[in-house]
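Those sequence lines, one after another, are chains A, B and C. Just remember that this note's numbering sits 10 ahead of the position in the first sequence, which is counted from 1. Just remember that this note's numbering sits 4 ahead of the position in the second sequence, which is counted from 1. Just remember that this note's numbering sits 290 ahead of the position in the third sequence, which is counted from 1. Let me begin by presenting the structure, written as structure tokens, before commenting on it.
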Amino acid sequence: MNRLRFAPLLALALVLSFSLSACAAASRTFFAMDTVMTVSAPLAGDALLAACEEEVRRLEALFSVTEPDSEIARLNETGEAALSDDTARVLGFALEEAALTQGALDVTLYPVVRAWGFTTGDYRVPDDDELAALLARVGWTRVELDGGTVRVPEGTMVDLGSVAKGYASDRLAALLREGGVQSALIDLGGNIYGLGAKADGSPWRIGVRDPKDPSGLAGALSVTDKAVVTSGSYERNFTAPDGTVYGHIFDPATGRPAENGLISVTVVGGSGLECDALSTALYVMGPDRACALLETLDGVEAVLIDDQGAFWITEGLKNAFTPMGAYAWATINWIQK
Amino acid sequence: MGNEKVTLKGNGRRSEPLSGKIKFPIQTRVWIGTLAIAFAVCLAAAAVVWLLPGSRRVARVSVDGAVVREIDLSAVTAEGSFVVEGVGGTNTVTVRPGGVCVSAADCPDQVCVKRGWLEGGAAPIVCLPHRLVIELVSGGDGNALDAISG
Amino acid sequence: MQTKRLTRDAMLTGVALIIFIVEAQIPPLTSVPGIKMGLANIITVYAAFAIGPADAALILAARILLGSVVAGNLSTLMYSAAGGLLCLLAMLGLRRVLSESQLWVASVIGAAAHNLGQIAVAVAVTRTPALLAYLPVLLMSGMIAGLFTGLCAQALVKRMSRK
Chain A
11 MNRLRFAPLL ALALVLSFSL SACAAASRTF FAMDTVMTVS APLAGDALLA
61 ACEEEVRRLE ALFSVTEPDS EIARLNETGE AALSDDTARV LGFALEEAAL
111 TQGALDVTLY PVVRAWGFTT GDYRVPDDDE LAALLARVGW TRVELDGGTV
161 RVPEGTMVDL GSVAKGYASD RLAALLREGG VQSALIDLGG NIYGLGAKAD
211 GSPWRIGVRD PKDPSGLAGA LSVTDKAVVT SGSYERNFTA PDGTVYGHIF
261 DPATGRPAEN GLISVTVVGG SGLECDALST ALYVMGPDRA CALLETLDGV
311 EAVLIDDQGA FWITEGLKNA FTPMGAYAWA TINWIQK
Chain B
5 MGNEKVTLKG NGRRSEPLSG KIKFPIQTRV WIGTLAIAFA VCLAAAAVVW
55 LLPGSRRVAR VSVDGAVVRE IDLSAVTAEG SFVVEGVGGT NTVTVRPGGV
105 CVSAADCPDQ VCVKRGWLEG GAAPIVCLPH RLVIELVSGG DGNALDAISG
Chain C
291 MQTKRLTRDA MLTGVALIIF IVEAQIPPLT SVPGIKMGLA NIITVYAAFA
341 IGPADAALIL AARILLGSVV AGNLSTLMYS AAGGLLCLLA MLGLRRVLSE
391 SQLWVASVIG AAAHNLGQIA VAVAVTRTPA LLAYLPVLLM SGMIAGLFTG
441 LCAQALVKRM SRK
């Protein structure tokens, strides 16, 4: 009798422990926006994680330059489009950042990037005449955004690829927060958002890839409730027949892969969208202009690596960044705000 | 003088003939014994600390409690130096395969420089004036990365 | 009476300070941080036993303060103050149970207590518990130094009381 009385309790305990252990491993990996994404949230249910994937797919359908039905594709096709709130917000922010960075971030570079073959994988090096012709169609000031409507002149195209993943990470963080999740790690192909702190209360430890050897690390960041976005030339690049290596981050001023003295830029901040935009822009700007801009920005910290292998780090990360590997004793220049 | 009783009021060593056997009162002897044992315990502990096998191979450099560098000494292939900004001064840290030392410093006492190479053991290199500590830790403990940005 | 006391304490402070400053000029004997002879402690031990707790504390405090002004800095002050306080407490506690001839025992234990205080401050300041690895070596050096200063102080007490 006694034994039987405890049986349901035992069963309940078993079920609970199983479901808890299942929860503890809760993460979801999927392929979207041209990259692998993983959302890990120990206490989020499957439904919430599925909603995260759903959200990314929804945004991808809005922003994609290749899906013919997306708002951006329609804009590029017809020169005018009515935008949803999400697209309008992202495009508006990208234009603000373009103004802030004096065009280092330019969402209209798409024709140039396409000519180099970075959208299709058929890489080639366009000649100067072709680049000049393409650059004539480029310029963020050509984009007329008026509330929910956007217009671009003939030949100008918009690509939100440099900010889409950052915005997606913000959206997922918001979604998870609304779902009551206090600790989650969102990894959208290297665009990281550490929501809250780790389950044990300690900060997230985010590695920064070694730009010269992508299998190694240049350092590690400890962050709580922050986005971490790195732009480096290693991510996608191609080697031309003559042996020159071309990176995938383009300088709007030249129409060529940016080579302005930085080989890796990591931005840490509360907004994934801002971090994503800035990591690209700072990379293009080069060390001097990037440091000057960072000095004026509130709530944004950054780790820059220049082509000499030295760090430029904002002082706010003094206790949060640890150089590693081949960079363990690299020079560190602190950027004071 | 030589006949003075030393056992009564204790210390009479000065007046005791050098060849003579010194007798201490029982209380003093207990103190000597206790302190000798304490000393021996410290000696043993120091030996353990100093001779601890060098399984820990990551040199952690911290200033004022904050980790500024972590260097996997087993991954170091050539000697190299870097400058660490301590509190109120700088220390030049040199690493070589398996070892780390402070090769130069502008601190007043130079204790950190005299310490020489740290290649094992639990006793860290310290520069108290600059609040700099270099200790060996085992790699990977609590340092595992949650994600990689880039 | 007051004047005599003031003069005596001031003189002892002065002597301790001179010893302290002279010793500070000698480069560290070892590569272990915090190891030194602590010769100025001869005066502290003497004062604690031959004069009294209050005077000993005053002399020690004055010496530490002036010593770090003259020959050190604020961080030296922290180490000395923590070490000195523990050392004084240990010695004053032992004062009752020890006879004059066992004065060196108080000095040995006081010196060890001094090292304990020092390392506690060092761990707190650098936030590195690994510094405790130096504790055994420090205690050993403290005991040796304490024995020496203790015997000196003992001789001093004896000589002064003989007059």
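Where is the CB? At the ideal position from N, CA and C, for every residue including glycine.
query, result
"Burial state of A/VAL313, where buried means 16 or more other Cβ atoms lie within 10 Å", "buried"
"Amino acids of chain C, ordered along the chain, whose beta-carbon sits closer than 7 Å to that of B/ALA126", "ALA420, ALA423"
"Cutoff 8 Å: A/TRP339 Cβ touching any chain B Cβ", "yes"
"A/THR290 burial status per 10 Å Cβ neighbour count (16 or more: buried)", "buried"
"Residues within the stretch 397-419 of chain C neighbouring chain B, beta-carbon criterion of under 7 Å", "VAL398, ALA412, VAL415, THR416, ARG417, THR418"
"Buried versus exposed, by CB contacts within 10 Å (16 or more), C/ILE309", "buried"
"Contact list for B/ASP150 against chain C, beta-carbon separation under 8 Å", "Here the premise fails: no neighbours, minimum Cβ distance about 24 Å."
"B/CYS105 in three-state terms, based on DSSP", "strand"
"Classification of C/VAL312 by the beta-carbon crowding that lies within 10 angstroms, buried from 16 upward", "exposed"
"Bridge-paired residues (DSSP) for A/ARG38", "A/VAL49"
"Below-8 Å beta-carbon distance, A/LEU53 vs any chain B residue", "no"
"Proximity below 8 Å, CB of A/ALA230 to CB of A/ARG219", "no"
"Inside the stretch 46-102 of chain B only - beta strand (DSSP E) runs reaching at least 3 residues", "62-67, 70-76, 84-90, 93-100"
"Stretch-stretch touch, CB-based, cutoff 8 Å, three pairs: the stretch 73-81 of chain A with the stretch 261-281 of chain A", "no"
"Helix, strand or coil at B/CYS131 according to DSSP, with G and I counted as helix", "strand"
"DSSP three-state assignment for A/LEU227, whether helix, strand or coil", "strand"
"Segment contact, 8 Å Cβ cut-off, at least three pairs: the stretch 373-385 of chain C with the stretch 338-350 of chain C", "yes"
"Coarse secondary structure for C/MET308, derived from DSSP in three states", "The sequence shown places Ile at residue 308 of chain C, rather than the Met named in the question. Looking at C/ILE308 - three-state DSSP - the assignment turns out to be helix."
"Boundaries (first-last residue) of the beta strand (DSSP E) holding A/ASN86", "It is not in any beta strand (DSSP E) - A/ASN86 instead sits in the alpha helix (DSSP H) that spans 81-88."
"Inter-residue spacing [alpha-carbon to alpha-carbon] between A/GLY319 and A/LYS222", "9 Å"
"Residue-level contact to chain C via CB, B/GLY120, 8 Å cutoff", "yes"
"Reduced DSSP category for C/THR303 - H, G, I as helix; E, B as strand; rest coil", "helix"
"Cβ contact check for the stretch 385-397 of chain C and the stretch 348-358 of chain C: 3 or more pairs under 8 Å", "no"
"Contacts around B/ASN7, its chain only, beta-carbon distance under 6 Å, and the 5 residues preceding and following it disregarded", "In this prediction, B/ASN7 scores a pLDDT of 45, lower than 50, which makes its location untrustworthy; no coordinate-derived value is stated."
"A/ARG219 (DSSP reduced to helix, strand or coil)", "strand"
"Contacts around A/ARG288, its chain only, beta-carbon distance under 6 Å, and the 5 residues preceding and following it disregarded", "Position check: residue 288 of chain A holds Leu in this sequence, whereas Arg was assumed. If we look at A/LEU288 and ignore the five residues flanking it on each side, its Cβ neighbours are VAL277."
"A/ASP169 versus A/GLY271, A/PHE260, A/ALA338, A/CYS285, residue with shortest Cα-Cα distance", "A/PHE260"
"Spatially closest choice to A/ASP282 from A/MET43, A/THR151, A/LEU198, by CA coordinates", "Looking at the sequence shown, residue 282 of chain A is not Asp but Gly. It is A/LEU198."
"Boundaries (first-last residue) of the beta strand (DSSP E) holding C/TRP394", "That residue, C/TRP394, is in no beta strand (DSSP E); its alpha helix (DSSP H) goes 393-416."
"Touching by the beta-carbon criterion (3+ pairs, under 8 Å), the stretch 333-345 of chain A and the stretch 231-241 of chain A", "no"
"Reduced DSSP category for A/ARG266 - H, G, I as helix; E, B as strand; rest coil", "strand"
"Beta-bridge partners of A/ASP156, as assigned by DSSP", "A/THR159"
"Short CB-CB distance (under 8 Å) between A/ASN329 and chain B", "yes"
"Those residues which DSSP pairs with A/GLY279 across a bridge", "A/ALA237, A/VAL310"
"Partner residues on chain C for B/ASP113, Cβ-Cβ distance less than 7 Å", "PRO318"
"Own chain residues within Cβ distance below 8 Å of A/SER31, not counting five before or after", "Caution is warranted here: a pLDDT of 48 is assigned to A/SER31, below 50, making its placement in the model unreliable, and the coordinate value is therefore given only provisionally. Closer than 8 Å at the Cβ level, and outside the excluded window around A/SER31, lies no residue."
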